[in-house]
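Undergrad: Numbering (the working numbering), first residue to last: 475 to 916.
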Amino acid sequence: MTLNISVIGTGYLGATHAACMAELGFDVLGVDVDPEKIDALSRGELPFHEPGLPELIRKHVDSGRLRFTAEVSEAGSWADVHFICVGTPQVKGGTGADLTYVDAATAGLVESITKDSLVVGKSTVPVGTAARLSRLVAETKKDGLNVSLAWNPEFLREGFAVEDTLRPDRLVVGTGSEADEAVLREVYAEALGRETPWISTDFETAELVKVAANAFLATKISFINAFAEVTENVGGNITTLADAIGFDTRIGRKFLNAGVGFGGGCLPKDIRALQTRVGELGLDHSMKFLDEIDQINLRRRKKAVARAFELLDQDIVGKKIAVLGITFKPLSDDVRDSPGLDVAARLYNAGADVAVFDPEGNPNAAKRYPRLGYVDSLTEAVKDAEVVMLTTEWKEFKALTPADLNDLVASKRFVDARNVLDAKEWESAGWTFTQLGRKFEG
Ligand code: UDX
Numbered sequence: 475m476t477l478n479i480s481v482i483g484t485g486y487l488g489a490t491h492a493a494c495m496a497e498l499g500f501d502v503l504g505v506d507v508d509p510e511k512i513d514a515l516s517r518g519e520l521p522f523h524e525p526g527l528p529e530l531i532r533k534h535v536d537s538g539r540l541r542f543t544a545e546v547s548e549a550g551s552w553a554d555v556h557f558i559c560v561g562t563p564q565v566k567g568g569t570g571a572d573l574t575y576v577d578a579a580t581a582g583l584v585e586s587i588t589k590d591s592l593v594v595g596k597s598t599v600p601v602g603t604a605a606r607l608s609r610l611v612a613e614t615k616k617d618g619l620n621v622s623l624a625w626n627p628e629f630l631r632e633g634f635a636v637e638d639t640l641r642p643d644r645l646v647v648g649t650g651s652e653a654d655e656a657v658l659r660e661v662y663a664e665a666l667g668r669e670t671p672w673i674s675t676d677f678e679t680a681e682l683v684k685v686a687a688n689a690f691l692a693t694k695i696s697f698i699n700a701f702a703e704v705t706e707n708v709g710g711n712i713t714t715l716a717d718a719i720g721f722d723t724r725i726g727r728k729f730l731n732a733g734v735g736f737g738g739g740c741l742p743k744d745i746r747a748l749q750t751r752v753g754e755l756g757l758d759h760s761m762k763f764l765d766e767i768d769q770i771n772l773r774r775r776k777k778a779v780a781r782a783f784e785l786l787d788q789d790i791v792g793k794k795i796a797v798l799g800i801t802f803k804p805l806s807d808d809v810r811d812s813p814g815l816d817v818a819a820r821l822y823n824a825g826a827d828v829a830v831f832d833p834e835g836n837p838n839a840a841k842r843y844p845r846l847g848y849v850d851s852l853t854e855a856v857k858d859a860e861v862v863m864l865t866t867e868w869k870e871f872k873a874l875t876p877a878d879l880n881d882l883v884a885s886k887r888f889v890d891a892r893n894v895l896d897a898k899e900w901e902s903a904g905w906t907f908t909q910l911g912r913k914f915e916g
């Protein structure tokens, strides 16, 4: 008999996990407190952009393997395995993780469970949370039922969420017993059949693997951006430097792209939550370096703004600046902690006439910063611009050539804040072309 699976929380992580579990052949019930979200998902509609996911949801809503409900009790009486996939955002007014949703979802679920089952946390949480929730499950489950908790962090990247969930590069499970591990082996049998590395461990390691991975990735990006601060002053080519060290397989070239830095719903909040958590444990010194990683990253945004000022001889008020790319990365409509959006807002606040174009992100950005000038095409954005700035490396921006813009802009000034264009090509077409990480002589 195949397992019935429930997924609590149908945001980015949950919707992806639910659809992928259905794709693997399980019957899946997605649960969310937001009835509008449930209605939309039941029609196969997705409130965010993720390549391939709407198709997969529609496929399994139609096949009958994927259903959605606002009633957690339906999950409690039906599923054998419950995945907790709710968000853990940065707490308002602080740097730690807000565990309100994880706590409420787990407590509400356990109250409603009426059959033997396994509760599996997937949300990114501070170390110690799984042990605490495991005790909560043991204390509040109905007498006579066999209900326990496991932790199984998720490493999916936005833009590749379906691929990362169906074909993960590793699976990490923190469990309290071999029986619980066996259930998870059944859930992930397909990936295990492909010899996907399986890391079976305790709660603490499982929780820490996730934040350690994100802290390492953030560190790699800020490491190369720290060198960008040096090459910006002494000269040198930051991309060549990254290529050269990246050939050392111990270092690797990935996540060494210098530019306007990292953003999104994970890396920034995860490094802050990790520092906060180790601080609570009296170990501030251990993760102190992450504060510097954060600061290097945030300085990149200021540097991008400063470049626009330099290009305009500090006279920015009323000048049209085209900002290309407002999502925190391509293939996403997510603008959470987006460097491009931050830069656009800073330029606007300094008095510039900012025209923003992003293939997917404008509606979400407009909710956060309604006063920026959002336009529907690249042509509209760059028309009569005094400066063009590339802040997210969408494919169409990476493919830009001087000929595409020469006759549209008011002045040929460019800030390539992601280091993705060929400087020589633009310079020889008469552009004052600058990149972050490259010295600008003015
Ligand atoms: C990240 C982790 O990669 C993923 O494993 C985890 O599950 C969630 O957090 P995601 O937030 O989707 O995924 O984005 P990611 O691809 O890691 O990029 C994060 C940010 O770093 C983006 O803003 C990106 O533009 C930036 N970045 C990435 C760089 O500035 N330079 C690089 O070389 C790579």
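Ideal Cβ placement from N, Cα and C applies to all residues, glycine included.
In this text, all values refer to a predicted model and were calculated from it rather than measured experimentally.
1. Gly582 and Val560 - do their beta-carbons sit closer together than 8 Å?
2. Hey, Asp768 and Arg751 are a contact pair by Cβ (cut 8 Å); roughly how many whole angstroms apart?
3. Flag this pair as touching only if the segment 595-609 and the segment 622-638 have three or more C-beta atom pairs under 8 Å; answer yes or no.
4. For Pro833, is the classification buried or exposed, using 16 other Cβ atoms within 10 angstroms of its Cβ as the cut-off for buried?
5. Using the C-alpha atoms, what's the distance from Trp552 back to Ser591?
6. Do three or more CB pairs link the segment 571-579 to the segment 531-540 at distances below 8 Å?
7. Do Arg631 and the ligand COA come close, with the Cβ less than 7 Å from some heavy atom?
8. Excluding the 5 residues preceding and the 5 following Thr713 in the sequence, name in chain order all residues of the same chain whose CB lies nearer than 6 Å to its CB.
9. Below 8 Å between beta carbons: does that hold for Ala702 and Leu910?
10. For the beta strand (DSSP E) holding Leu882, just list the boundary residues, first then last.
11. Can you tell me whether DSSP reads Lys794 as helix, strand or coil?
12. Any idea if Asn688 is buried or exposed, counting beta-carbon neighbours within 10 angstroms, 16 or more meaning buried?
13. Whose C-alpha, out of Val611, Arg724, Asp896, is nearest the C-alpha of Gly650?
14. Thinking just about the alpha-carbon of each residue, which of Ile587, Ser597, Glu632 is nearest to the one in Gly618?
15. In three-state terms, what does DSSP make of Val685?
16. Determine, using beta carbons only, whether Thr705 and Leu798 come nearer to each other than 8 Å.
17. Following a CB-centred definition, is Gly737 positioned closer than 7 Å to any heavy atom of the ligand UDX?
18. How many Å lie between Leu874 and Val862 at the Cα?
19. Check whether the segment 716-734 and the segment 655-664 are in contact - that is, three or more C-beta pairs closer than 8 Å.
20. For Asn620, which option in Leu640, Asp654, Leu503, Pro813 has the closest C-alpha, if you only look at C-alpha atoms?
21. Span of the beta strand (DSSP E) holding Ile673?
22. Whole angstroms are fine: how far does the CA of Lys596 sit from the CA of Val535?
23. With burial defined as no fewer than 16 other Cβ atoms inside 10 Å of the residue's Cβ, what is the status of Ser760: buried or exposed?
TA: Per the coordinate set shown:
1. no
2. That pair is no contact at about 15 Å.
3. When Cβ pairs closer than 8 Å are counted between the two stretches, the segment 595-609 is seen to touch the segment 622-638, the count reaching three or more.
4. buried
5. If you take the alpha carbons of Ser591 and Trp552, they lie about 9 Å apart.
6. Taking 8 Å as the limit for Cβ pairs, the verdict is that the segment 531-540 does not touch the segment 571-579.
7. Looking for the ligand COA in the displayed structure turns up nothing; the ligands present are the ligand UDX.
8. Asn893
9. Contact: yes.
10. Segment: none, Leu882 is in no beta strand (DSSP E) and carries neither H nor E.
11. Note: Lys794 maps to strand in three-state DSSP.
12. buried
13. Restricting attention to Val611, Arg724, Asp896, the CA atom closest to the CA of Gly650 is found in Val611.
14. Ile587
15. helix
16. no
17. yes
18. 12 Å
19. no
20. Residue Asp654 is the option with its Cα nearest to Asn620.
21. Per DSSP, Ile673 is one residue of the beta strand (DSSP E) stretching across 672-675.
22. 23 Å
23. exposed
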